[in-house]
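A.B. asks: Dropping a structure here in structure tokens format, bear with me for questions.
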Amino acid sequence: IAESVVSASRYCRAKQKSNGTGQWFYKFEHHLDYMNKEEKFALLLGMLSGDGCLPIKHNGEGYRDYAVQFYNADKELVLFFDSLLFDVFGFHGTIRHSYRKDKSKLFEFCKYSKEIYLKIKALIIIFAQLIIKFSEKKN
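Counting in the numbering used here, the sequence shown runs from 151 upward without gaps.
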């Protein structure tokens with residue numbers, strides 16, 4: 151779990167340092183073949199925490215839809231997220247785009263899966279508890 155925390159936080163720091171240029175992405179892309187499943191999952195969590203969400207939607211028929219969503223203006227990054235999800239869980243999602251007034255296209259990745267949703271949510275809770283635990287030790 152500690153390695154997952156480190157990998158996810160590396161993603162967040164790298165993204166902040168890139169100033170939105172996406173330069174950090176290419177470093178991870180080249181090392182993807184050398185990453186094990188846990189490291190890929192940690193990177194997936196980091197990307198999700200930066201540019202994604204886990205909403206619970208209602209389909210209008212009384213059922214809930216559990217989605218994993220990721221948004222970015224860089225299509226290659228959204229495709230990379232899709233490949234990470236496939237490497238970790240064995241499923242691809244759907245990628246769409248929308249036009250925003252006076253802005254670039256926004257690409258949206260979406261995968262509906264209660265199983266994937268619950269696994270990611272459980273690890274995010276553990277991740278948050280570890281952050282709280284480590285921050286309390288510093289104080």
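Idealized CB from N, CA, C, for every residue including glycine.
From D224 to K255, what does the alpha carbon distance come to, in whole angstroms?
C.D. replies: The alpha-carbon atoms of D224 and K255 are separated by roughly 8 Å.
A.B. asks: For L268, count neighbouring Cβ atoms within 10 angstroms of its own Cβ and tell me buried if that reaches 16, exposed if not.
C.D. replies: Its Cβ having fewer than 16 others within 10 Å, L268 is exposed.
A.B. asks: Quick check: the Cα distance between F231 and F220, rounded to an integer number of angstroms?
C.D. replies: Going from the Cα of F231 to the Cα of F220 covers about 8 Å.
A.B. asks: Report back the beta-carbon spacing between L235 and K261 to the nearest angstrom; my notes put them in contact at under 8 Å.
C.D. replies: Correct: roughly 6 Å between the Cβ atoms.
A.B. asks: Which residue marks the beginning of the alpha helix (DSSP H) containing L229, and which one marks its end?
C.D. replies: It spans K225 to F239 - the alpha helix (DSSP H) in which L229 sits, taken as one unbroken run.
A.B. asks: If we call anything under 8 Å between Cβ atoms a contact, is I245 one with L227?
C.D. replies: No. Outside cutoff.
A.B. asks: Helix, strand or coil for L204, going by three-state DSSP, please let me know.
C.D. replies: Three-state result, L204: coil.
A.B. asks: Let me confirm a value: A192 is counted as buried when at least 16 other C-beta atoms fall within 10 Å, else exposed. Which label applies?
C.D. replies: Buried is the call here.
A.B. asks: DSSP state of S263, grouped into three classes?
C.D. replies: If DSSP states are grouped into helix, strand and coil, S263 belongs with coil.
A.B. asks: Assign I275 to one of two classes, buried (16 or more other C-beta atoms within 10 Å of its C-beta) or exposed (fewer than that).
C.D. replies: It is exposed - the Cβ of I275 has fewer than 16 other Cβ atoms within 10 Å.
A.B. asks: Using only the alpha-carbon positions, how far apart do H242 and A217 sit?
C.D. replies: The alpha-carbon atoms of H242 and A217 are separated by roughly 13 Å.
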